[in-house]
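See structure below.
Residue numbers (my numbering): 1282 to 2000.
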């Protein structure tokens, strides 16, 4: 609902400014009409513009109130400024002062009307309304707010100053039109020169400001991930540098009460004033020391070779791919919970460094595979070995975390399946389905694995079936399973407690997310389909030739009420050591030298987005609010998070442990985790396009440092 309201609000804002600008110009010209007939005609033109402007303003106020009814925090930033602070005063004064006079002039005009219509109380209100409407027109250009009260004060003063200037200019004009003063005489050449000079100065100033802002936004040639602002929770932040952050821990403590982004008041927990000094005095630990077992014979060994290949999808379309081991997706890495795994990455790409990240696995920080944070990217011709013991079980995947926006899209990814040490729910067919969009020689296409057409498979009636849905795309994907009741048994690899039977639900899977679906094969065909590729998918039948039409008209699967509750280490009512409030938004501006729709976290973009500072052993709460119009699958490396609530309503079904939480427009999610895996961990939107536009931050344990840097000779690019 919020997304639709926001779109309507945007469209109204686009129309509102030109309408009010025309209304202001037509009202201003009324006093210069040479006779009564033309005055009446001009007033009759002005009245519809004023009425339309008032109607659109009322519409924007209505949309504002509806969004505020969903969650005040959705409007409590730039929309308060542009709608209530800038637009509303001019609209109200126009309604009270200007409209009655113009309406009267449209109905009857006498010799006295031009004089009355030149008065500032008539001409200024529509101009002020046009100025306010311009705020909505350029809303996404407004600087992000870090202090709402300060922003309200600044924009309020701007409005008052502009209103004063309008009154002054319009009073002088009224005096000239009524003969009380005489305008200074200027030659035509002088007037042209003044206007030309003014235009040149304005263009020059704007050009200089644009150039300065563009240059200021450029990344340094090389920098540490520890650059930026450190957030200790509860609104306590400090500037960081690349030398380490132990010394920055000296702050006022975490017991302060703050109003969070969701409009609620909470306490971050108290660690005592001695905590800061202790953190500063502790010995620094580098990510290189946070590795998996160096000794011991691995239970599983894998080799992943990055190389180029031209491969065909089922339709015959060709993909110019970057692959692991010459296939797309890469080979399925299968192992058991508790095993020691050794994976060697070999880079045979010509000019492209790579790395590999184990998505959803809580590996030691030094094995996380993020170029520029936990390692240098592996250069062409190089190798790198990862060793870790597997703690999880379920459906996961791996992908490059070097220039991810390009490398994952082109094929450097694959599934990773971890079986329990002892089988708990044996199945007859265990099918991994990896959804991905490919750029082919015939245009983009969505495929399930390598199948962008209908894949018909054989399944005997009575067989136990498990489908592991893995979304390696940047976009949210919706699946349906038609022809059979089923259960969602796991989300992001984590089991659901006592899952119930479902039929005809739309299964929404975040970018990088996973769902496990289980069913018993009936006598009739079963069809798995993706909403964006209804003619593709997988059809199961007894003879391998049957199918059924997919259905996409069912209700959406609600994970927050699915399954049965069971005891967990914390819930929505628990006391947490630190609380972080993260507002996700979109702002137009310069980013790394280019003009873009920047994806912000608390008004900041990478590398200046907040670094969440924690201490080992603490319990941490994070509250996400999406004030933008794009889905944001937020992925924290190295930790699983427990979903506490959605839009202020606690989870009532099975506990939901995830590594990628989908925060859709207008939604507020509250999650929590235990800080039990020291390191410096990426925390980012897994829509890599959004990460590339700034939606990247880090979770850092106090006194952990990294020797790796972004850019420079290393060529590290961790987006």
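Quick reminder that beta carbons are idealized off the backbone N, C-alpha and C, glycines included.
Report the start-end ranges of each alpha helix (DSSP H) in the stretch 1943 to 1978 that is 4 residues or longer and not cut off at the edges. 1969 to 1973
Buried or exposed for residue 1449, please, with buried defined as at least 16 other CB atoms from any protein chain shown within 10 angstroms of its CB. Translated into the one-based positions of the chain shown, residue 1449 becomes position 168. Flag for residue 1449 reads exposed.
By the DSSP assignment, the alpha helix (DSSP H) with residue 1790 in it spans what residues? As a first step, residue 1790 is located in the chain shown; it is residue number 509 there, counting from the start. Careful: residue 1790 lies outside any alpha helix (DSSP H), inside the beta strand (DSSP E) at 1788 to 1790.
Are residue 1717 and residue 1846 touching if we call contact CB-CB under 8 Å? Along the chain shown, one-based indexing puts residue 1717 at 436. Along the chain shown, one-based indexing puts residue 1846 at 565. It is not a contact, given that the beta carbons lie outside the stated cut-off.
Cβ contact check for the stretch 1642 to 1657 and the stretch 1948 to 1964: 3 or more pairs under 8 Å: yes
Under 8 Å: do the stretch 1834 to 1845 and the stretch 1909 to 1920 share three or more Cβ pairs, one atom per stretch? no
Using the beta-carbon count (16 or more within 10 Å), is residue 1551 buried or exposed? In the chain shown, residue 1551 corresponds to position 270, counting from 1. Confidence at residue 1551 is low in this model, with a pLDDT of 36, below 50, so its placement is unreliable and no value can be given for it.
In angstroms, rounded to a whole number, what distance separates the CA positions of residue 1541 and residue 1909? Working through the chain shown from its first residue, we reach residue 1541 at position 260. Working through the chain shown from its first residue, we reach residue 1909 at position 628. Unreliable positioning characterises residue 1541 in this predicted model, as indicated by a pLDDT of 34, which lies under 50. A coordinate reading is not provided.
Residue 1413 to residue 1381, Cα distance in whole Å? Against the chain shown, residue 1413 aligns to sequence position 132. Against the chain shown, residue 1381 aligns to sequence position 100. Taking the straight line joining both Cα atoms gives about 21 Å.
Jot down the residue ranges of each uninterrupted beta strand (DSSP E) in the stretch 1737 to 1818, minimum 3 residues, whole runs only, in chain order. 1745 to 1752, 1758 to 1763, 1768 to 1772, 1788 to 1790, 1795 to 1801, 1807 to 1811
In this structure, does DSSP put residue 1348 in helix, strand or coil? In the chain shown, the residue the question calls residue 1348 occupies position 67. Here residue 1348 sits in helix by DSSP.
Mapping the DSSP letters down to three states, classify residue 1594 as helix, strand or coil. In the chain shown, residue 1594 corresponds to position 313, counting from 1. Here residue 1594 sits in coil by DSSP.
Report the three-state DSSP secondary structure of residue 1845 (helix, strand or coil). Locating residue 1845 in the chain shown gives position 564, where the first residue counts as 1. Looking at residue 1845 - three-state DSSP - the assignment turns out to be coil, as it is neither helix nor strand.
Beta bridge counterpart(s) of residue 1676 as assigned by DSSP: Taking the first residue of the chain shown as 1, we reach residue 1676 at position 395. Partner(s): 1698.
Across the stretch 1923 to 1942 and the stretch 1875 to 1891, are there enough close Cβ pairs to call them in contact, namely three or more that are closer than 8 Å? no
Start and end residues, beta strand (DSSP E) containing residue 1902: Locating residue 1902 in the chain shown gives position 621, counting from the first residue. Taken as a continuous stretch (DSSP letters only), the beta strand (DSSP E) holding residue 1902 covers 1900 to 1907.
Could you pull out every residue in the same chain whose Cβ sits closer than 6 Å to the Cβ of residue 1374, ignoring the five residues on either side in sequence? Within the chain shown, residue 1374 is the residue found at index 93, counting from 1. Excluding positions up to five away in sequence, the list reads 1406.
Own chain partners of residue 1447 with C-beta closer than 7 Å, once the 5 adjacent residues on each side are dropped: Counting from 1 along the chain shown, the entry for residue 1447 is found at position 166. For residue 1447, where only same-chain residues beyond five positions count, the Cβ hits under 7 Å are 1405, 1408, 1409.
Rounded to the nearest angstrom, what separates residue 1731 and residue 1357 at their Cα positions? Taking the chain shown and counting its residues from 1, one reaches residue 1731 at position 450. Taking the chain shown and counting its residues from 1, one reaches residue 1357 at position 76. One C-alpha to the other measures close to 46 Å.
Is the distance from the Cβ of residue 1742 to the Cβ of residue 1658 below 8 Å? Reading the chain shown from its first residue, position 461 is the one you call residue 1742. Reading the chain shown from its first residue, position 377 is the one you call residue 1658. No, the Cβ-Cβ distance between residue 1742 and residue 1658 is not below 8 Å.
Ends of the alpha helix (DSSP H) at residue 1715? The sequence position of residue 1715 within the chain shown is 434, counting from 1. Careful: residue 1715 lies outside any alpha helix (DSSP H), inside the beta strand (DSSP E) at 1710 to 1721.
Residue 2074 and residue 1293: beta carbons closer than 8 Å? In the structure as shown, the chain starts at 1282 and stops at 2000, and residue 2074 therefore has no counterpart that could be examined.
Based on the DSSP output, what are the partners of residue 1628 in its beta bridges? Counting from one through the chain shown, the residue named residue 1628 turns up at place 347. Residue 1628 is bridged to 1587.
N- and C-terminal bounds of the beta strand (DSSP E) containing residue 1871: Stepping through the chain shown from its first residue, residue 1871 is reached at position 590. Its beta strand (DSSP E) spans residues 1859 to 1872.
Nearest residue (CA-CA) to residue 1840, options 1331, 1748, 1701, 1936: The sequence position of residue 1840 within the chain shown is 559, counting from 1. Residue 1840 has its Cα closest to that of 1936, out of 1331, 1748, 1701, 1936.
Round the Cβ separation of residue 1956 and residue 1901 to the nearest angstrom and send it over; I've been treating them as touching at under 8 Å. The residue labelled residue 1956 in the question sits at position 675 within the chain shown. The residue labelled residue 1901 in the question sits at position 620 within the chain shown. Yes, they are in contact, since the Cβ atoms of residue 1956 and residue 1901 sit about 6 Å apart, within 8 Å.
Determine which residues share a DSSP beta bridge with residue 1880 and list them. The residue you call residue 1880 lines up with position 599 of the chain shown. Answer is 1867, bridged to residue 1880.
Might you give, ordered along the chain, the residues of its own chain that have their beta carbon closer than 7 Å to the beta carbon of residue 1295, omitting 5 neighbours on each side? The residue given as residue 1295 occupies position 14 in the chain shown. Excluding positions up to five away in sequence, the list reads 1418.
Unbroken alpha helix (DSSP H) run spanning residue 1456, endpoints: Residue numbering aside, residue 1456 sits at position 175 when the chain shown is read from its first letter. Run containing residue 1456: 1429 to 1458, per the alpha helix (DSSP H) assignment.
Measuring straight from C-alpha to C-alpha, what distance separates residue 1590 and residue 1515? Here residue 1590 refers to the residue found at position 309 of the chain shown. Here residue 1515 refers to the residue found at position 234 of the chain shown. Taking the straight line from one Cα to the other gives about 50 Å.
6 Å CB neighbourhood of residue 1628 in its chain, flanking five on each side removed: For the purposes of this step, residue 1628 is taken as residue 347 along the chain shown, with counting starting at 1. Closer than 6 Å at the Cβ level, and outside the excluded window around residue 1628, lie 1587, 1635, 1659, 1661, 1663.
Bounding residues of the alpha helix (DSSP H) (the contiguous stretch that carries residue 1639): As a working note, residue 1639 is residue 358 in the chain shown. Element bounds for residue 1639: not the alpha helix (DSSP H) but the beta strand (DSSP E), 1638 to 1640.
With DSSP collapsed to three states, give me the class of residue 1416. Here residue 1416 is taken as the residue at index 135 of the chain shown, counted from 1. Correct three-state label for residue 1416: helix.
By DSSP, does residue 1295 sit in helix, in strand, or in coil? Along the chain shown, read from residue 1 onward, the residue named residue 1295 stands at position 14. In the structure shown, residue 1295 sits in a helix (DSSP, three-state: H, G or I).
Is it a yes or a no for the stretch 1562 to 1579 touching the stretch 1602 to 1617, going by three-plus beta-carbon pairs under 8 Å? no
Okay, do the stretch 1668 to 1679 and the stretch 1773 to 1781 touch, 3+ Cβ pairs below 8 Å being the bar? yes
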